[in-house]
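Protein chains: 8
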Amino acid sequence: MEKKSLEQLLQQVSDGTISPEKALLAIREQPFEDLGFAKVDLHRQVRQGAGEVIYGAGKTPEQIAGITASLRQHGQDHVLITRLSKEQHEVLKDLMEYDYYPEARIAIAGGMPEKKNAGTICVCTGGTSDIPVAEEAALTAEFLGNEVVRCYDVGVAGLHRLMSHMDQVMSARVIIAVAGMEGALASVVGGLADCPVIAVPTSVGYGASFGGISALLSMLNSCASGVSVVNIDNGFGAGYQASMINRDR
Amino acid sequence: MEKKSLEQLLQQVSDGTISPEKALLAIREQPFEDLGFAKVDLHRQVRQGAGEVIYGAGKTPEQIAGITASLRQHGQDHVLITRLSKEQHEVLKDLMEYDYYPEARIAIAGGMPEKKNAGTICVCTGGTSDIPVAEEAALTAEFLGNEVVRCYDVGVAGLHRLMSHMDQVMSARVIIAVAGMEGALASVVGGLADCPVIAVPTSVGYGASFGGISALLSMLNSCASGVSVVNIDNGFGAGYQASMINRDR
Amino acid sequence: MEKKSLEQLLQQVSDGTISPEKALLAIREQPFEDLGFAKVDLHRQVRQGAGEVIYGAGKTPEQIAGITASLRQHGQDHVLITRLSKEQHEVLKDLMEYDYYPEARIAIAGGMPEKKNAGTICVCTGGTSDIPVAEEAALTAEFLGNEVVRCYDVGVAGLHRLMSHMDQVMSARVIIAVAGMEGALASVVGGLADCPVIAVPTSVGYGASFGGISALLSMLNSCASGVSVVNIDNGFGAGYQASMINRDR
Amino acid sequence: MEKKSLEQLLQQVSDGTISPEKALLAIREQPFEDLGFAKVDLHRQVRQGAGEVIYGAGKTPEQIAGITASLRQHGQDHVLITRLSKEQHEVLKDLMEYDYYPEARIAIAGGMPEKKNAGTICVCTGGTSDIPVAEEAALTAEFLGNEVVRCYDVGVAGLHRLMSHMDQVMSARVIIAVAGMEGALASVVGGLADCPVIAVPTSVGYGASFGGISALLSMLNSCASGVSVVNIDNGFGAGYQASMINRDR
Amino acid sequence: MEKKSLEQLLQQVSDGTISPEKALLAIREQPFEDLGFAKVDLHRQVRQGAGEVIYGAGKTPEQIAGITASLRQHGQDHVLITRLSKEQHEVLKDLMEYDYYPEARIAIAGGMPEKKNAGTICVCTGGTSDIPVAEEAALTAEFLGNEVVRCYDVGVAGLHRLMSHMDQVMSARVIIAVAGMEGALASVVGGLADCPVIAVPTSVGYGASFGGISALLSMLNSCASGVSVVNIDNGFGAGYQASMINRDR
Amino acid sequence: MEKKSLEQLLQQVSDGTISPEKALLAIREQPFEDLGFAKVDLHRQVRQGAGEVIYGAGKTPEQIAGITASLRQHGQDHVLITRLSKEQHEVLKDLMEYDYYPEARIAIAGGMPEKKNAGTICVCTGGTSDIPVAEEAALTAEFLGNEVVRCYDVGVAGLHRLMSHMDQVMSARVIIAVAGMEGALASVVGGLADCPVIAVPTSVGYGASFGGISALLSMLNSCASGVSVVNIDNGFGAGYQASMINRDR
Amino acid sequence: MEKKSLEQLLQQVSDGTISPEKALLAIREQPFEDLGFAKVDLHRQVRQGAGEVIYGAGKTPEQIAGITASLRQHGQDHVLITRLSKEQHEVLKDLMEYDYYPEARIAIAGGMPEKKNAGTICVCTGGTSDIPVAEEAALTAEFLGNEVVRCYDVGVAGLHRLMSHMDQVMSARVIIAVAGMEGALASVVGGLADCPVIAVPTSVGYGASFGGISALLSMLNSCASGVSVVNIDNGFGAGYQASMINRDR
Amino acid sequence: MEKKSLEQLLQQVSDGTISPEKALLAIREQPFEDLGFAKVDLHRQVRQGAGEVIYGAGKTPEQIAGITASLRQHGQDHVLITRLSKEQHEVLKDLMEYDYYPEARIAIAGGMPEKKNAGTICVCTGGTSDIPVAEEAALTAEFLGNEVVRCYDVGVAGLHRLMSHMDQVMSARVIIAVAGMEGALASVVGGLADCPVIAVPTSVGYGASFGGISALLSMLNSCASGVSVVNIDNGFGAGYQASMINRDR
């Protein structure tokens with residue numbers, strides 16, 4: 101509860117327009133619905149400027165449908181569901197309506213919201229295998245109202261491929277650099293661009309890539325300034341933060 | 101070399117106003133000065149919107165003075181030097197003029213530049229021992245033209261301390277969360293704020309903190325959306341990216 | 101063999117009421133039954149105040165049934181079996197009678213014992229996916245005679261959810277904090293509560309959560325005093341120790 | 101702020117015995133003193149039943165003296181300072197009065213408080229080198245009002261040494277098992293005792309002990325039920341939690 | 101674009117034999133074909149002396165067939181496909197023609213090119229289980245025009261087996277040492293041979309071999325000079341670099 | 101080739117009873133048969149006092165049958181095959197005759213050899229789940245001619261179980277201590293026994309046991325003298341070395 | 101207390117030749133002297149066939165002198181002190197008499213005991229830098245009554261050096277292989293010898309040797325049978341176990 | 101001993117021109133001098149085409165002088181000493197003559213040998229701090245008779261710096277890429293060059309660079325073909341292998 105509304109509430113109690121009991125209730129009212137297995141956050145759109153997102157992994161289709169229904173009943177028109185496996189989708193599709201993006205394992209109920217932010221977000225990948233994570237980032241950013249430009253398979257082993265996309269890279273408001281293996285893409289992009297770069301290590305690779313650790317460390321140690329990193333394969337987190345950066349204030 | 105100037109150059113060759121030899125020279129001209137031990141980047145301000153920064157660790161005071169001189173000769177008025185130890189400072193202070201901030205191990209030659217970005221950057225720390233890293237972030241952000249608000253020692257073991265700074269947290273354009281040990285500050289701040297959070301793990305702690313790994317992993321796995329992470333103790337990187345995010349477009 | 105009974109036994113030898121041979125036998129008598137594949141501990145209830153528990157993982161249903169029978173023949177009415185997979189359950193259910201709790205993978209033969217300890221144990225989780233581990237803890241504590249309060253899905257990314265359960269948190273004799281990912285729940289709860297907190301890291305998460313290492317390190321480095329930690333996913337261990345703490349002396 | 105006092109406060113506003121402005125102030129009043137470099141927690145004794153403790157590592161003697169003075173001014177008579185190195189002590193001893201325990205690196209200002217809890221806490225170590233960590237635990241527990249029994253150098257390589265202390269081990273309310281190297285002490289004690297065991301891995305050892313990781317992992321994987329673990333060398337944390345467990349309710 | 105052709109191009113612009121627009125186009129022309137999911141490198145044979153290789157892992161059979169077709173249309177007669185699983189092969193074999201080597205998981209379209217380099221490459225393995233990785237190296241080297249000698253199962257636990265192949269070891273231009281477990285083969289071979297040794301750790305082993313880390317570290321720490329290392333199981337990389345070394349200049 | 105036979109050979113050359121060519125051949129003759137996929141060691145019984153053993157993992161049943169046949173043709177009557185999975189066994193049993201021990205995954209062709217060493221080898225396990233590894237050790241030792249005593253499920257969480265086997269522990273010539281989880285068994289046994297202890301960490305456990313790393317580190321750091329360690333789950337290695345120690349000289 | 105003496109004691113109680121109180125005392129009598137900071141094991145020579153050894157690291161010279169005096173008063177003529185740094189030695193040499201071996205950091209009070217075991221122990225090192233650890237092993241073995249042969253600097257990068265010592269290697273009863281870096285010596289020696297090999301990884305190396313981890317893993321994964329491993333730099337442990345193996349039974 | 105000389109020797113025995121005893125001696129003669137602390141390899145120049153190199157770390161100046169003298173007496177004119185610290189140099193310079201290169205910590209006795217190989221070796225570094233390791237590589241390569249081109253401070257954060265050296269990169273026979281932090285230089289160079297690239301990770305960096313692990317993993321996972329890796333900071337190994345590759349055959 102913000103300072104301002106607290107002041108008003110106390111003034112109302114003082115004025116007698118609201119009873120102490122009701123004020124107490126208002127102060128302590130739960131900004132979430134308790135479904136037993138989950139406490140659905142209903143104030144998030146107010147608090148953080150973006151609706152509640154459902155992380156699908158480890159939830160049953162029934163739980164996902166329940167949370168979605170609760171959110172929509174309380175006024176959130178569009179719901180983003182991430183990490184929804186094909187197995188979950190096969191069951192969920194009979195429980196509710198939504199669009200499913202299999203490569204990104206993303207579902208969107210209520211349709212894609214309108215674009216509302218001015219700048220563009222550029223999503224690059226080092227290789228073809230990084231595309232699923234990149235799509236998770238790109239769709240998340242689009243869901244949150246951003247225009248997204250995709251530059252896939254522009255890894256550093258063939259620099260000319262990246263160079264041919266320099267216009268897109270140079271005009272973005274934020275860049276998301278998605279790469280596995282040695283993750284050098286983040287440093288190269290970070291050295292060229294003049295906007296924030298969010299690096300997403302992927303678990304693509306084998307042997308000493310250790311499921312993404314190699315790319316993660318590489319990105320954390322980037323010699324380019326202006327690069328920050330999210331968890332391995334966390335396309336959603338990158339898309340979400342990119343949208344926050346791109347948001348008009 | 102950008103597409104536009106290349107077009108102009110080729111047009112000039114076609115017009116005969118410039119010889120092919122000179123055009124070749126222009127295309128290949130080095131945008132850096134080679135000092136032997138270092139290649140000083142002179143176009144960075146143009147390319148990335150912020151002047152070259154000198155990473156002091158592992159450089160001799162003489163090298164630092166030389167690079168600073170080269171930068172200032174080529175028109176960069178203010179120079180930021182990071183990771184300048186007290187030992188280096190004792191020698192460097194006789195070679196050139198600058199302001200030294202011992203806690204942050206930062207030197208600024210040419211004075212602090214003027215504020216140019218509109219929003220504020222809020223720098224929080226979990227404890228007292230995290231302050232040196234936080235100051236590196238804060239001074240970097242100030243050097244790059246931002247207003248910085250400091251909220252130190254607001255770690256999660258006493259939540260009321262953080263709560264009493266909610267106004268500052270809620271009104272920032274970017275938050276830098278600096279914490280060692282379990283690094284939970286980033287998640288708590290990330291859950292409350294509606295702006296991007298850059299998390300900086302610090303090497304504060306002992307035993308199973310493993311020199312900052314515990315905080316690093318904690319921050320990478322943050323359950324709050326909108327959090328990204330930089331290297332352990334990398335206050336500079338956080339301040340630099342925060343400034344990029346805060347920059348008006 | 102305790103000091104006291106040893107004194108009595110020697111006195112009996114001295115009195116001639118027992119022969120040296122029999123005394124030797126008594127001293128060396130095995131307080132367990134040797135089933136070949138296992139040595140069933142029959143004195144544990146005497147020695148540690150709680151009956152022998154069967155760790156189901158890696159045992160055949162036949163072995164589990166055999167150990168249970170041995171315990172019940174020697175006077176242990178209620179038997180707790182942990183980590184009993186659904187596959188084992190499908191076979192075991194035809195060999196003996198018990199109640200099965202599939203989410204917690206726990207079986208209880210002989211029915212749930214009566215409540216015997218005065219205080220309450222509060223079991224919290226950071227998210228929905230941590231519930232199976234939490235249930236292992238909660239059922240273990242209930243089996244050992246404790247009243248358990250469950251506060252699930254109260255992770256730090258939405259602090260208001262935890263705040264709305266403060267009464268339960270503040271009135272517990274012990275709190276078990278179950279969380280994966282960054283495991284910050286333990287620190288936040290530990291900073292608020294005035295009772296011991298047993299933290300259980302879970303393997304929930306992906307990428308740099310490294311199967312629970314991130315949460316484990318986070319909890320070990322908690323800046324809150326009064327927090328100790330058990331193995332990743334070890335709900336049983338947390339429930340067992342919580343019961344020991346809650347026991348009246 | 102607890103529910104009860106909030107109710108009272110709102111009633112007072114309604115009654116007109118307090119103005120809305122003052123109520124707002126009371127609700128938001130900081131329960132800590134902001135010294136700039138630290139926010140001293142003044143409500144901790146109320147909130148958690150034990151006064152604020154000063155973690156000395158990384159603080160200057162002047163900061164420590166300042167925090168101590170602030171605490172004592174606000175009514176905390178006894179102050180515990182941990183991790184106070186001999187170097188810090190050499191300076192601090194001229195700034196304020198306290199008793200210094202060099203082996204445990206602990207300082208106590210205002211004298212040792214009286215014993216207030218009924219049970220005893222037994223502190224065991226595997227070897228001689230583990231004693232400093234054990235003393236940190238023991239002095240912390242004594243500071244918090246507990247009777248402590250010390251059983252040092254009873255490691256598992258000579259089981260008879262532990263066996264000769266079985267009376268003390270069996271009669272404790274809590275046991276703190278401090279061990280480096282392979283850390284087996286925790287499992288052996290945990291298998292014998294019928295009370296909670298808090299295991300403290302120490303950084304004693306060399307080679308593959310990896311600064312305490314070996315003991316830490318060993319203790320986390322203890323096959324004995326009723327064992328939980330704190331950070332490497334965290335004697336304070338163990339002593340603090342042991343006191344919480346021993347506290348009369 | 102190389103310096104020389106740039107000079108010529110600029111001269112042509114100056115001569116008027118080419119328009120500035122066409123020159124610009126030539127300078128920026130993409131040396132790759134963009135298939136959407138991949139950017140096929142068409143200049144690699146020019147730039148690096150070896151055609152583009154397709155890394156099969158994580159690509160659909162359709163994507164592989166598409167890239168192969170694109171390469172062959174642009175004049176690359178022979179195409180090497182690595183990491184082609186049997187599952188992918190079952191589908192791919194109906195889409196295009198090629199020879200499949202199941203043990204090495206390699207496919208070659210357009211037939212094996214002719215031998216063109218003078219020296220021989222000797223591929224050794226420590227055991228039988230390392231042969232698949234060794235075959236990936238050997239076939240890659242053969243594809244790139246080299247003569248390959250195979251010495252399999254000559255690990256250090258039976259030195260006489262290696263000794264009986266000394267002639268082959270001593271006469272090679274490059275040696276590829278493939279070994280799992282403790283990876284000692286690289287050091288022993290490196291100590292005997294007078295040519296470069298490329299060591300390939302394999303994931304063969306169990307327990308503390310940690311999926312090849314043991315062999316990797318062993319090889320990186322080789323006390324023999326002249327040994328370098330590639331990623332775990334990276335037979336292709338070893339064969340490729342060996343060919344580069346063996347190439348006549 | 102040993103010094104002695106070399107002397108004889110040279111004497112024969114000098115005497116003219118053997119030609120230089122034949123001598124050269126004799127010196128360089130291969131003491132193994134090359135089957136292409138494997139070089140079967142035929143002199144091992146001479147060189148190391150024990151016949152060649154076949155490590156079954158990663159070999160096809162046909163390869164195993166081929167190597168066995170080669171060994172038996174060259175005079176090795178009994179052949180031990182380790183790590184023979186049930187899947188391999190299903191095929192191999194139609195290719196050759198042998199006894200199969202499924203729990204230990206061991207096959208013995210030619211029957212179990214006679215006992216030839218005087219002392220006994222005691223194999224202990226911490227729990228029931230460690231038995232497969234222990235059986236691999238025990239059968240290996242029996243195959244090599246030793247008498248083996250088994251003490252299973254005597255882990256340190258119930259010390260009385262181990263104590264009741266003290267006679268066997270005290271009278272062994274070598275002890276093999278097999279344990280997962282925290283691996284404390286090795287230290288406790290090592291502190292009691294007066295003979296060498298070979299510790300075998302097992303991958304039994306979960307969470308922070310990290311597939312046996314916890315037990316491995318614990319055993320390497322054993323505070324008991326006289327303990328050495330083999331690889332995780334390496335029952336064969338322990339049985340083999342135990343036999344070497346037990347061998348009469 | 102052994103079974104036999106317990107029988108006798110009980111018989112004496114039955115006979116009345118000893119009172120129950122005295123019997124109790126005898127059973128529970130401490131086989132160690134409690135010096136406060138240490139519990140000196142006085143029965144070890146009886147129990148394990150070798151006297152108590154003092155691990156010097158982390159003990160004050162005064163503590164070491166006190167333990168030595170206690171041991172010698174109770175009849176242990178020769179005392180071995182390991183890990184005695186030069187700094188400790190400078191103080192200790194004024195407190196008691198002993199011979200100091202600086203390279204091995206070993207002190208022996210009471211002179212070197214006589215040789216009592218028949219076989220020889222061969223100690224090999226990979227390089228010159230491994231000699232201190234090797235000397236710790238060699239002196240320990242000599243102290244325990246064994247003849248030791250030293251083969252230093254015979255690492256695998258120059259196999260001919262090891263080959264020239266084959267006679268010594270082949271005639272030993274036990275071999276101790278001491279090596280850092282890639283630790284391949286253990287495998288090569290293990291493949292040649294027909295006796296047990298105890299491998300000692302050393303912390304010699306840099307970079308990816310990680311303080312001995314590389315050698316440790318290499319030795320644990322040795323493809324040679326008959327190799328076991330002790331902790332990094334644990335020369336004492338290897339010498340102690342080697343002596344146990346060499347002991348006549 | 102090579103096959104050829106063995107044939108000749110046997111022929112001589114057969115001819116009677118040499119006695120069997122002398123032949124035995126010749127066969128077994130040590131190709132090294134045993135200095136007690138080291139076995140100096142005198143045949144290395146014959147065997148591997150390059151003289152013995154002295155690794156200075158962990159050797160006393162007296163030992164280094166002794167080995168150097170031994171080598172020069174046996175005909176090796178030029179001796180390379182690596183890892184010679186300034187402290188060792190201060191003593192060694194009074195014991196023998198040599199040139200000292202402090203940055204690279206290299207000493208060369210007998211002067212720099214003449215250039216003998218045709219191609220050039222290009223040594224690149226990512227930053228200024230990587231120069232010491234690069235100089236170790238460059239001087240080693242020069243000592244072994246190669247022409248070396250240095251391209252320092254051309255890291256990927258400012259790609260134009262590397263681009264301006266493309267001529268040198270493209271014309272080298274081998275490239276050594278030396279970089280710390282994220283080590284991306286190796287991939288970028290590897291993608292551009294058509295010759296083998298030896299990557300040297302350095303320990304330059306802080307935090308999550310983990311003393312070079314980040315760069316090491318990055319280089320092992322390079323997406324560019326033709327890249328192999330040596331140990332962290334192992335400039336010598338890279339220079340040595342580069343020379344082997346550059347050697348005319």
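Protein chains in written order, with the numbering used here: chain Y, 101 to 349; chain Z, 101 to 349; chain U, 101 to 349; chain A, 101 to 349; chain H, 101 to 349; chain V, 101 to 349; chain S, 101 to 349; chain D, 101 to 349.
Ideal placement from N, C-alpha and C gives every residue a C-beta, glycine not left out.
Host alpha helix (DSSP H) of residue i (start-end)
i               : result
E247 of chain V : No alpha helix (DSSP H) holds E247 of chain V; the beta strand (DSSP E) holding it covers E247 to C251.
A237 of chain S : I231 to F243
Range covered by the beta strand (DSSP E) that runs through residue i
i               : result
S328 of chain H : V327 to V329
Integer Cβ distance of residue i from residue j, believed to fall under 8 Å
i               : j               : result
G280 of chain Z : V297 of chain Z : Not confirmed; about 16 Å, so no contact.
Counterpart residues of residue i in DSSP-defined beta bridges
i               : result
C295 of chain H : According to DSSP, C295 of chain H bridges with nothing at all.
Y155 of chain D : D:T182
CB contact below 8 Å: residue i versus chain B
i               : result
F336 of chain U : The structure shown has no chain B; the protein chains it does contain are Y, Z, U, A, H, V, S and D.
Q) Taking a cut of 8 Å between CB atoms, which residues from the stretch 314–339 of chain D lie near chain S? A) Taking 8 Å as the cut-off between beta carbons, the residues of the stretch 314–339 of chain D near chain S are L316, N331, I332, D333 and N334, in sequence order.
Any residues in the stretch 292–311 of chain U with a beta carbon nearer than 7 Å to a beta carbon of chain A? Which ones, in chain order? Taking 7 Å as the upper bound on Cβ-Cβ separation, chain A lies near residues D294, C295, P296 and I298 of the stretch 292–311 of chain U.
* Where in the stretch 192–222 of chain S do unbroken runs of the beta strand (DSSP E), each at least 3 residues long, occur, reported from the N-terminal end onward? -> Within the stretch 192–222 of chain S, the complete beta strand (DSSP E) runs of at least 3 residues are 199–201 and 206–209.
Next item on the list: Anything in the stretch 254–267 of chain V with a Cβ closer than 9 Å to a Cβ of chain S? List those residues in chain order, please.
Entry: Answer set for the stretch 254–267 of chain V: M266 and D267.
- Task: Using a Cβ-Cβ cut-off of less than 8 Å, list which residues of the stretch 229–242 of chain S approach chain H; keep chain order.
- Result: Within the stretch 229–242 of chain S, no residue has its Cβ closer than 8 Å to any Cβ of chain H.
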